[in-house]
């Protein structure tokens, strides 16, 4: 079960809205959706949570590039919503790498890959290789909420209802509950 909400900071405080991510296919689409929630180019947070598995925060400040934090990249990679957040840049990959490898239809090995990876390299559908490319644990900008009162340490320690904890720290738990 997923939950996604937009929190837009306004002159009057935070405004929350439930958001439907079914038509969102890219991070750019998600950033556009966030920008639409705040015509004054105020800070907008997109909070996404999958029950006890992972959560993500996307912060959009006007026309600046979105800042992203994902609590567990490997868990998020198994989710269609998580895949939106896990950009090549966030994972430290060269954007062209995957496309070139897919076109070559390799058997799971790359040129220059060491033979140390023999265990588990045979058989399977290539999912092990995909899992190895995505780190277990947090990725992104752990300071994404620092100036809003949620430190890196607090963000990294969140689990369970992380979206609720973030909203509470921002003083927005009442408005978030109206859209839950």
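In the working numbering, the protein residues as written are 397 to 576.
For glycine and all other residues, C-beta sits at the position ideal for the given N, C-alpha and C.
Enumerate in chain order the residues of its own chain whose CB-to-CB distance from residue i is below 7 Å, with the five nearest sequence positions on each side excluded.
i, result
"residue 574", "412"
"residue 358", "Coverage of the chain is limited to positions 397 through 576, which leaves residue 358 absent and any answer about it impossible."
"residue 544", "566"
Would a C-beta distance cut-off of 9 Å place residue i and residue j closer than the cut-off?
i, j, result
"residue 530", "residue 470", "yes"
"residue 486", "residue 535", "yes"
"residue 571", "residue 480", "no"
"residue 552", "residue 467", "yes"
"residue 565", "residue 410", "no"
"residue 403", "residue 563", "yes"
"residue 442", "residue 483", "no"
What residues in its chain sit with their C-beta under 6 Å from that of residue i, if we drop five residues either side in the sequence?
i, result
"residue 427", "456 and 462"
Excluding the five sequence neighbours on either side, which residues of its own chain have a C-beta within less than 8 Å of the C-beta of residue i, listed in chain order?
i, result
"residue 406", "434, 436 and 438"
"residue 540", "453, 455, 463, 464, 465 and 551"
"residue 555", "448 and 467"
At the level of alpha carbons, what is the spacing between residue i and residue j?
i, j, result
"residue 460", "residue 431", "10 Å"
"residue 542", "residue 458", "18 Å"
"residue 444", "residue 490", "26 Å"
"residue 477", "residue 397", "11 Å"
"residue 533", "residue 417", "23 Å"
"residue 400", "residue 446", "9 Å"
"residue 538", "residue 429", "22 Å"
"residue 547", "residue 475", "26 Å"
"residue 425", "residue 561", "26 Å"
"residue 558", "residue 408", "24 Å"
"residue 472", "residue 440", "21 Å"
"residue 451", "residue 549", "15 Å"
With hydrogens ignored, establish whether the beta-carbon of residue i is closer than 8 Å to any heavy atom of the ligand MN.
i, result
"residue 473", "Absence of the ligand MN from the depicted structure is noted, as is the absence of any ligand whatsoever, leaving it without description."
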